[in-house]
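**Student:**
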């Protein structure tokens, strides 16, 4: 955990802390943030969640296909804000995040380049930061 002085110091250097103290680097040119945690840990968490049928992939596009193919990730649920009700990869019925029961038990792999609005929405519905993996960092 970071104390208030550490958080202010991070902010002075363009860093941000969000709930649960995951540190993100703000990139002003793109108005996005980048997870600066180790990707190895994220890959292990994704594989474990996939094995335990506790993985949600948010995004039903090329990024999701690449992550699923490269890491052999098998999501339990696929979520996409713009493709609700469609079928992804011939077998996943795409849902909206608000329709997922017990969402807090899942690890959520964000398979979208513009992930900050998704993170914000997840935070607003109570998903803890340690349950979120930013997939674009793994490609």
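Numbering (the working numbering), first residue to last: 40 to 178. Ideal Cβ positions, reconstructed from N, Cα and C, are used throughout, including at glycine. Since this is a predicted model, take the numbers as computed values, not measurements.
Per the contact definition of three or more C-beta pairs closer than 8 Å, is the segment 131-149 in contact with the segment 94-114?
**Tutor:** yes
**Student:** Going by C-alpha to C-alpha distance, which of 84, 93, 92, 97 sits closest to residue 155?
**Tutor:** Residue mapping note: residue 155 aligns to position 116 of the chain shown, counting from 1. Measuring from the Cα of residue 155, the nearest candidate turns out to be 97.
**Student:** Mind checking residue 131: buried by the 16 CB within 10 Å criterion, or exposed?
**Tutor:** Position 92 of the chain shown, counted from the start, is the residue given in the question as residue 131. It is buried - the Cβ of residue 131 has at least 16 other Cβ atoms within 10 Å.
**Student:** With DSSP run on the structure shown, which of helix, strand or coil describes residue 118?
**Tutor:** Working through the chain shown from its first residue, we reach residue 118 at position 79. Strand.
**Student:** Do residue 89 and residue 110 count as a contact pair if the criterion is CB distance below 9 Å?
**Tutor:** In the chain shown, residue 110 corresponds to position 71, counting from 1. In the chain shown, residue 89 corresponds to position 50, counting from 1. Yes, they are a contact pair.
**Student:** Excluding five sequence neighbours on each side, which residues of the same chain lie with their C-beta closer than 7 Å to the C-beta of residue 144?
**Tutor:** As a working note, residue 144 is residue 105 in the chain shown. Non-local beta-carbon contacts of residue 144 in its own chain, meaning distances under 7 Å to residues more than five positions away in sequence, involve 93 in chain order.
**Student:** Specify the secondary structure class of residue 123 as computed by DSSP and reduced to three states.
**Tutor:** Along the chain shown, one-based indexing puts residue 123 at 84. Three-state result, residue 123: coil.
**Student:** Which residue's Cα is closest to the Cα of residue 159: 136, 129, 82?
**Tutor:** Counting from 1 along the chain shown, the entry for residue 159 is found at position 120. Taking the Cα of residue 159 as reference, the smallest distance to any Cα among 136, 129, 82 is reached at 136.
**Student:** Since residue 157 and residue 106 should fall inside the 8 Å C-beta cutoff, what is the C-beta to C-beta distance between them, to a whole number of angstroms?
**Tutor:** Position 118 of the chain shown, counted from the start, is the residue given in the question as residue 157. Position 67 of the chain shown, counted from the start, is the residue given in the question as residue 106. The pair is not a contact, with the Cβ atoms about 14 Å apart (cut-off 8 Å).
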